[in-house]
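Line by line, the protein sequences are chains A and B.
Heads up: the first sequence at position 36 corresponds to 44 in the numbering used here, and the numbers run straight through without jumps.
Heads up: the second sequence at position 96 corresponds to 99 in the numbering used here, and the numbers run straight through without jumps.
Where is the CB? At the ideal position from N, CA and C, for every residue including glycine.
See structure below.
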Amino acid sequence: MTTEQFKIHEDMIFKLSQRRSPSEVKLKSMEWAIVTQLNGEKSVGKIGETLSLNPTETLVMFNRLMEEGLLELVGLPEKDPYAPEALLDEIEYAFTVFVGPVSSILIEDTLTELKRNRKNLETKLVALLVELLSLEITSAEKRYEFQKQMLSKIKGLV
Amino acid sequence: MVQQYFSDLTEIAGIEAVVIFDNQNNIVDSWALPKYNLTVFSELGETFMHVFGLIEHLDYDMEEIVMPFDRGLVYARSQEKFSIVVIARLSVEVSLIRLALNVNLQEFHNTRKVRRILKKLPDQKFYQIKSSTLDDVEKIMLENILEGGDDDGAV
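Given below as structure tokens:
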């Protein structure tokens, strides 16, 4: 399986490619550290955590290793990283109760702010979407009700 | 108390500890994975008491702090009579922690038993900062911070 067509995600699992040796490439020490962790079992996120890298640093270094042809994809995340569209429909339904018919516009605007759409919103970003939408509800009591409803829906997903 | 009122938070995968501190840095209640040594929480609580005390004194509009560390993140939220500190793995989204806390804190505050407990707690954080607990560098930093602000609360 080639890796070039994939955008690296923290749930992906890689092993060292047989096509190229790391010694052929000039790597930084932390990139070497990642190479030593590649065992075809640990996910990108897990390796980042082990090496105390933040998610952005991890993805930058994995991208570099992939560009150098050192990575071979072993496994895609079993779980779909994107939130099901049905969940976004449920959010919209609940949100409409609190803000009225402008809810769909507000959701689209917020998704655009996040540089996402209904098809590519990662599950882990749903809580952020809910948080941003909550800010549109002026009544503290209603905001709490919306957040409570949404928490019960998204808690099991992450 | 934590497990009873903050179950939405403790049930999130990757949440490793939740500790409630009163404004005198006493642990009101805590929940943590067994790997955590409970004695570290007091130091953690003291740090946040200092920070939240200053925020309160300087009247800044800021009630939460998130700090990443080598293996995770610490999220702290200040309330009038207590602070709540959450330790989580880096994979946990801060917005999810905030969402769970928003919901659970509301229920927490609305519980009669909790209200009775909170009534007895001191409500100011800043005046709990004891100069004896600060080292020289911290004292100088504190003086510098307070120089520009209201001077009536010197420690």
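Sort A:Ser160, A:Leu141, A:Trp40 by Cα distance to A:Val110 and report the nearest one.
-> A:Leu141
With 7 Å as the limit, tell me which residues of the segment 95 to 123 of chain B have their beta carbon closer than that to any beta carbon of chain A; keep them in chain order.
-> Glu96, Ser98, Leu99, Arg101, Leu102, Ala103, Asn105, Val106, Gln109
Which residues mark the beginning and the end of the beta strand (DSSP E) in which A:Pro89 is found?
-> Segment: none, A:Pro89 is in no beta strand (DSSP E) and carries neither H nor E.
Excluding the 5 residues preceding and the 5 following B:Ile68 in the sequence, name in chain order all residues of the same chain whose CB lies nearer than 6 Å to its CB.
-> Ala79
Proximity to B:Val47 [Cα-Cα], best of B:Glu150, B:Lys38, B:Ile30, B:Val97 | It is Leu, not Val, that sits at residue 47 of chain B in the sequence shown. Of B:Glu150, B:Lys38, B:Ile30, B:Val97, the residue nearest in Cα terms is B:Ile30.
A:Met158 burial status per 10 Å Cβ neighbour count (16 or more: buried) = The residue in question, A:Met158, is buried, as its Cβ has 16 or more Cβ neighbours within 10 Å.
Alpha carbon to alpha carbon, what distance is there between A:Arg27 and B:Ile23?
-> 53 Å
Within chain B, partners of A:Gln155 - CB distance below 7 Å | Leu102, Asn105, Val106
Tell me, please, whether the CB atom of A:Met38 is closer than 9 Å to any CB atom in chain B?
-> So no, A:Met38 is outside the interface.
Neighbouring residues, chain A, relative to B:Asp25 (Cβ below 9 Å) = What B:Asp25 touches in chain A: nothing, since even the nearest Cβ is about 24 Å away.
For the alpha helix (DSSP H) containing B:Val89, list its first residue and its last residue.
-> No alpha helix (DSSP H) contains B:Val89, which is instead part of the beta strand (DSSP E) from 85 to 91.
Should A:Glu139 be flagged as near chain B, meaning a C-beta pair shorter than 9 Å?
-> yes
Compare the C-beta of A:Ile162 against all C-beta atoms of chain B and say whether one is closer than 9 Å.
-> yes
Grab me the residues of A:Ala91's own chain with a C-beta within less than 6 Å of its C-beta, minus the 5 sequence neighbours each way, in chain order.
-> Leu129, Thr131, Val134
Endpoints, alpha helix (DSSP H) assigned at A:Pro63 | 63 to 75
Taking the C-alpha atoms as reference points, what is the distance between A:Ser112 and B:Glu66?
-> 31 Å
Do three or more CB pairs link the segment 17 to 24 of chain A to the segment 63 to 74 of chain A at distances below 8 Å?
-> Remark: three or more beta-carbon pairs, one from each stretch, lie closer than 8 Å, so the segment 17 to 24 of chain A and the segment 63 to 74 of chain A are flagged as touching.
Contact the segment 121 to 135 of chain B vs the segment 79 to 88 of chain B: 3+ CB pairs below 8 Å = yes
CB contact check: A:Leu158 to chain B, cutoff 9 Å | Note that residue 158 of chain A is Met in the sequence shown, not Leu. Yes - at least one Cβ of chain B is within 9 Å of the one on A:Met158.
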